[in-house]
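Colleague: Take this structure first; my questions come after.
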Amino acid sequence: MLLLQPRAVPAPALRGRPPRPRRRLVPPPLASASGSIVVSSDEDAFTRCSGYLFEEGAATESELPTAYDLPGIAAVYRRRPLLVLRRSLQIGTSFGRWFALRYLDRVNERADDMFELRAAQLRRILLELGPAFVKIAQAVSSRPDVVPPAYLDQLSLLQDRIAPFSNDVAFNIIEKELGLPLDMIFSEITPEPVAAASLGQVYQARLRSNGKVVAVKVQRPGVQAAISLDIYILRFLASIARKAAKLNTDLPAVLDEWASSLFREMDYREEARNGLKFRELFGKFRDVSVPEMYLEQTRRRVLVMEWIEGEKLSEVRDQYLVEVGVYCSLSQLLEYGFYHADPHPGNLLRTVDGKLAYLDFGMMGEFRQDLRDGFIEACLHLVNRDFDALAKDFVTLGLLPPTAQKGEVTKALTGVFENAVNRGVQNISFGDLSGNLGRTMYKFKFQIPSYFSLVIRSLAVLEGIAISFNPNYKVLGSSYPWIARKVLTDSSPKLRSTLQTLLYKDGTFQIDRLESLLTESLRARTEQSLVRNQQEDVDSTRYAIKQVLSFTLADQGAFVKDLLLQEIAKGIDALGVATLSSATSAAASRLPFAGVPSPLTSLDDEDATNLRNLYRLLLLLSKVSQKGNPSPSPGYNSAIEKEGGSTDELSLALYEMSSLPEFLPVLSVIPELPPESQQQLLLLPADLTNRILSRAVARTIRRLFM
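Numbering-wise (this note's numbering), the sequence shown opens with residue 13 and increments by one.
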């Protein structure tokens with residue numbers, strides 16, 4: 013429905029013609045707050061209580077740096093000590109009164125009765141203090157496993173239901189920033205904002221130039237001045253707190269990283285550029301939607317982008333889209349190193365066509381390649397209980413100083429993580445890991461790098477959203493299959509070295525670890541398998557097998573192919589020895605001197621291990637090809653698992669392996685492989701034969717001369 017409504021304040025006259033009434037677009041009713049007119053009983057508490065921060069005599073935008081520059085901010089506010097004192101007193105007294113009331117509630121044994129009231133009071137305090145404090149609250153309001161429900165309900169209102177500021181002020185900002193009357197830019201615009209947040213508010217409009225419906229975000233007046241002053245004060249307090257409490261974490265540096273991101277978020281031109289890059293990288297993902305940005309109509313305090321209809325992801329209980337979000341987040345963090353650092357529920361929507369829409373690209377992060385590899389290595393070592401390597405990973409990631417005592421740290425990490433890991437990767441809680449790790453940080457001088465909090469938050473928010481409707485959801489359980497596939501298929505020299513070290517710990521091939529990696533990699537969601545309502549069936553398993561085989565046979569899979577051929581050659585060599593041993597023993601038993609033992613009646617430890625690994629590799633392939641769920645068969649606990657074995661035991665092992673080819677439908681996918689992969693496959697028998705012959709010759713020489 014379209015309404016013609018003149019503005020309360022006359023619009024500037026258009027050149028050469030009289031002013032026209034401005035048409036206001038009233039959007040159709042939507043299923044969520046993202047598209048409905050904002051109605052709030054709260055007044056604009058920030059302007060009412062903190063408006064002095066941008067009144068006459070306070071710092072002006074022209075004085076303050078547009079990018080985060082602590083010396084520049086300090087230079088401005090050193091000239092206004094009374095303003096700094098007034099703001100410090102406002103912050104101190106606001107929180108001081110609240111903490112005093114909470115203390116009295118506990119003393120009077122009525123803390124439970126007053127819980128909801130105090131939560132509402134805390135929300136109002138944050139609103140009165142302004143955007144910096146609202147942003148901090150948003151960071152913790154997406155964790156139902158950390159924040160009590162009463163506080164969660166109140167803090168969740170700070171995501172996108174903050175009281176809007178004056179529409180006339182907003183429209184004047186648009187006209188000032190774009191340099192044109194409103195009705196020359198938009199043919200229609202909503203008379204009230206459809207959403208209001210900490211930094212700005214959003215209107216729905218229609219561009220006059222092309223008729224497309226867009227979202228117009230307008231920055232709150234005074235935001236830059238308030239945030240600059242609050243960061244100046246908070247950083248001073250952070251420095252005092254670090255020295256007084258002898259903290260290992262560099263709190264000022266963490267605050268600097270957050271402040272730098274927040275300043276970039278206040279420049280809507282930067283947000284538009286981020287949105288364009290994000291759309292280019294991730295907009296093509298299945299079931300991911302990224303709005304189009306309109307750079308020509310975007311300025312520092314005004315952003316114009318495509319309008320997207322939808323509901324908040326946290327309100328629709330859609331675990332499939334959470335999985336999409338996890339897949340997309342892992343790609344952001346570990347594939348491209350460019351990630352959405354502020355994925356709170358207000359910025360994640362379920363569109364009307366069932367896609368996951370990302371909004372608000374003001375706070376983005378970049379993850380260096382060495383840190384990406386270090387993060388993957390840490391996950392691998394955690395899941396495989398290699399806590400000594402995990403301690404080294406923490407040094408790489410900057411969580412531990414290089415001078416830390418690795419032995420003591422390893423013991424501590426074992427105590428912190430072992431119980432969680434023993435429950436299986438699917439049951440490891442991201443929140444529990446963070447909490448348990450926090451208890452050991454002080455003793456071993458852990459430090460939180462400036463980048464780390466944003467990375468962890470980007471994953472923790474997704475787990476928090478999922479936990480709200482599925483308490484058993486674990487983001488690490490959803491992430492690890494992706495990481496396992498990444499390690500098996502990545503050509504990075506560092507990750508190849510990590511894989512080799514992982515699989516050959518102490519020089520011995522760790523078949524259990526390969527089995528775990530392959531099992532998990534086949535569970536990984538990919539572009540092809542990430543489909544709503546898709547069942548885990550033969551087709552998805554066949555695709556995963558084809559992908560692994562195609563990679564292994566390609567140039568970038570040469571490392572894994574060489575590793576597998578090497579172990580298969582060892583196993584076939586040991587199988588030959590076992591067969592010869594069995595035949596020799598059988599023949600010797602029929603001779604008159606049967607009591608004389610044959611020199612080949614038993615395998616040494618190395619051969620028994622190689623034979624066992626061959627059996628398990630074949631069993632692994634058979635189980636993968638049948639069900640996509642490798643696991644030992646009942647016969648697996650046969651004598652082949654032992655380091656040595658009698659003739660009867662070896663015969664049993666040989667019998668078990670002889671039945672495996674019947675269960676290798678994995679071979680049926682070969683015709684579906686790319687031509688270059690099939691060509692490489694034809695070369696494998698010759699390669700494998702050469703390896704087996706080389707081992708046989710070496711074995712013969714050893715027996716002759718040793």
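The C-beta atom is built at its ideal place from N, Cα and C for all residues, glycine as well.
In this text the structure is predicted, and so the values were computed from the model without any measurement.
Can you tell me which of the three DSSP states Q231 falls into?
Modeller: Taking the first residue of the sequence shown as 1, we reach residue 231 at position 219. Note: Q231 maps to strand in three-state DSSP.
Colleague: May I ask whether a heavy atom of the ligand NAD can be found less than 7 angstroms away from the beta carbon of K147?
Modeller: The model depicted lacks the ligand NAD and carries no ligand whatsoever.
Colleague: Helix or strand or just coil, what does DSSP make of S52?
Modeller: Counted from its first residue, the sequence shown places residue 52 at position 40. Caution is warranted here: a pLDDT of 45 is assigned to S52, below 50, making its placement in the model unreliable, and the coordinate value is therefore given only provisionally. S52 falls in the coil class under three-state DSSP.
Colleague: Which residue's Cα is closest to the Cα of I468: I584, E292, V152?
Modeller: Translated into positions along the sequence shown, residue 468 becomes position 456. Here the closest residue by C-alpha is V152.
Colleague: Checking 8 angstroms against the spacing of the C-beta atoms, do V407 and K558 come in under that value?
Modeller: Looking up residue 407 in the sequence shown gives position 395. Looking up residue 558 in the sequence shown gives position 546. No, Cβ-Cβ distance for V407 and K558 is not below 8 angstroms.
Colleague: Excluding five sequence neighbours on each side, which residues of the same chain lie with their C-beta closer than 7 angstroms to the C-beta of T426?
Modeller: Here residue 426 corresponds to residue number 414 of the sequence shown, with the count starting at 1. For T426, where only same-chain residues beyond five positions count, the Cβ hits under 7 angstroms are F399.
Colleague: What is the rounded straight-line gap between the Cα of A123 and the Cα of Y115?
Modeller: In the sequence shown, counting from the first residue as 1, residue 123 sits at position 111. In the sequence shown, counting from the first residue as 1, residue 115 sits at position 103. Near 8 angstroms, if we compare the C-alpha coordinates of Y115 and A123.
Colleague: Taking one C-beta from the region 467-484 and one from the region 352-361 each time, how about it: are there three or more such pairs within less than 8 angstroms?
Modeller: yes
Colleague: So S301 and A369 are in contact, right, with Cβ under 8 angstroms, and what is the actual spacing, rounded?
Modeller: Within the sequence shown, residue 301 is the residue found at index 289, counting from 1. Within the sequence shown, residue 369 is the residue found at index 357, counting from 1. Confirmed, about 4 angstroms.
Colleague: So, at 6 angstroms on beta carbons, what are the nonlocal neighbours of V328 in its own chain, with the 5 sequence-adjacent residues on each side left out?
Modeller: Locating residue 328 in the sequence shown gives position 316, counting from the first residue. Shown here for V328: same chain residues with a beta carbon closer than 6 angstroms to its own, the five before and five after excluded, namely R362 in chain order.
Colleague: Run through DSSP, which three-state label would H356 get?
Modeller: Counted from its first residue, the sequence shown places residue 356 at position 344. Three-state result, H356: coil.
Colleague: Within its chain, find whatever has a CB closer than 6 angstroms to the CB of D502; leave out the 5 residues flanking it on each side and keep chain order.
Modeller: For the purposes of this step, residue 502 is identified with residue 490 of the sequence shown, where counting begins at 1. Answer for D502: no residue qualifies.
Colleague: Relative to the C-alpha of F12, which candidate in Y485, I103, L694 has its C-alpha closest?
Modeller: Nothing in the structure corresponds to residue 12, since the chain is present only between 13 and 718.
Colleague: Flag this pair as touching only if the region 210-229 and the region 315-322 have three or more C-beta atom pairs under 8 angstroms; answer yes or no.
Modeller: Taking one beta carbon from each stretch, the region 210-229 and the region 315-322 have 3 or more pairs nearer than 8 angstroms; the two touch.
Colleague: Along the chain, where does the beta strand (DSSP E) that runs through G212 open and close?
Modeller: As a working note, residue 212 is residue 200 in the sequence shown. First-last of the beta strand (DSSP E) with G212: 212-219.
Colleague: Round the Cβ separation of Y492 and V572 to the nearest angstrom and send it over; I've been treating them as touching at under 8 angstroms.
Modeller: Translated into positions along the sequence shown, residue 492 becomes position 480. Translated into positions along the sequence shown, residue 572 becomes position 560. No, Y492 and V572 are not in contact; Cβ-Cβ is about 18 angstroms, not under 8 angstroms.
Colleague: Taking just the CA atoms, how far does L346 sit from I388?
Modeller: Stepping through the sequence shown from its first residue, residue 388 is reached at position 376. Stepping through the sequence shown from its first residue, residue 346 is reached at position 334. Taking the straight line joining both Cα atoms gives about 8 angstroms.
Colleague: From what residue to what residue does the beta strand (DSSP E) around S199 run?
Modeller: Your numbering for residue 199 matches position 187 in the sequence shown. Note, S199: beta strand (DSSP E), 198-201.
Colleague: Three-state secondary structure (DSSP) at L101?
Modeller: Within the sequence shown, residue 101 is the residue found at index 89, counting from 1. DSSP places L101 in helix when its eight states are reduced to three.
Colleague: For V364, which three-state DSSP category applies?
Modeller: To locate residue 364, count along the sequence shown from 1; it is residue 352. The answer is coil: DSSP assigns V364 none of H, G, I, E or B.
Colleague: With a threshold of 16 other CB atoms inside 10 Å of the CB of R692, please say whether the residue is buried or exposed.
Modeller: Walking along the sequence shown from the start, residue 692 turns up at place 680. Per the sequence presented here, residue 692 reads as Gln, with Arg not at that position. It counts as buried.
Colleague: Please state the DSSP three-state secondary structure of V302.
Modeller: Numbered from 1 along the sequence shown, position 290 holds the residue referred to as residue 302. The answer is coil: DSSP assigns V302 none of H, G, I, E or B.
Colleague: Would you be able to state if there are at least three C-beta pairs under 8 angstroms between the region 480-497 and the region 381-395?
Modeller: yes
Colleague: Roughly how many whole angstroms lie between the Cα atoms of S706 and I580?
Modeller: Indexing the sequence shown from 1 puts residue 706 at position 694. Indexing the sequence shown from 1 puts residue 580 at position 568. The straight-line gap from Cα to Cα measures roughly 13 angstroms.
Colleague: Quick one, which of V146, V428, H352 has its alpha-carbon nearest A208's?
Modeller: Mapped onto the sequence shown, residue 208 falls at position 196. Ranking V146, V428, H352 by Cα distance to A208 puts V146 first.
Colleague: Closest to I197 by CA distance: which of G212, S178, R220, L211 is it?
Modeller: In the sequence shown, residue 197 corresponds to position 185, counting from 1. Taking only the C-alpha atoms, the option nearest I197 is R220.
Colleague: With distances taken from CA atoms, which of G588, P505, S593 is nearest D385?
Modeller: The residue you call residue 385 lines up with position 373 of the sequence shown. For the residues G588, P505, S593, the minimum Cα distance to D385 belongs to P505.
Colleague: Alpha carbon to alpha carbon, how far is A112 from V235? Give it in angstroms, no decimals.
Modeller: Residue mapping note: residue 235 aligns to position 223 of the sequence shown, counting from 1. Residue mapping note: residue 112 aligns to position 100 of the sequence shown, counting from 1. If I take the Cα positions, the gap works out to 29 angstroms.
Colleague: Might you give, ordered along the chain, the residues of its own chain that have their beta carbon closer than 6 angstroms to the beta carbon of A496, omitting 5 neighbours on each side?
Modeller: Translated into positions along the sequence shown, residue 496 becomes position 484. The residues are L529, E532, S533.
Colleague: Which of the three DSSP states is assigned to A10 in this structure?
Modeller: As shown, the chain starts at 13 and ends at 718. That puts residue 10 outside it, with no answer to give.
Colleague: For R99 versus I245, is the C-beta distance shorter than 8 angstroms?
Modeller: Taking the sequence shown and counting its residues from 1, the one referred to as residue 99 is at position 87. Taking the sequence shown and counting its residues from 1, the one referred to as residue 245 is at position 233. Yes.
Colleague: Report yes if the CB atom of Q797 is closer than 8 angstroms to the CB atom of R118, and no otherwise.
Modeller: Residue coverage of the chain in this structure runs from 13 to 718, which leaves residue 797 outside it and unanswerable.
Colleague: Would you list the one or two residues that DSSP bridges to Y370?
Modeller: Position 358 of the sequence shown, counting from 1, holds the residue named residue 370. L360.
Colleague: In the structure shown, what three-state DSSP assignment does Y463 receive?
Modeller: What you label residue 463 is simply residue 451 of the sequence shown in a count that begins at 1. The answer is coil: DSSP assigns Y463 none of H, G, I, E or B.
Colleague: Give me whichever residues DSSP pairs with Y351 in a beta bridge.
Modeller: As a working note, residue 351 is residue 339 in the sequence shown. Y351 is bridged to G377.
Colleague: Do you know whose CA, among L626, I460, N396, T564, lies nearest K517's CA?
Modeller: Here the question's residue 517 lines up with position 505 in the sequence shown. If we check each option's Cα against that of K517, N396 comes out closest.
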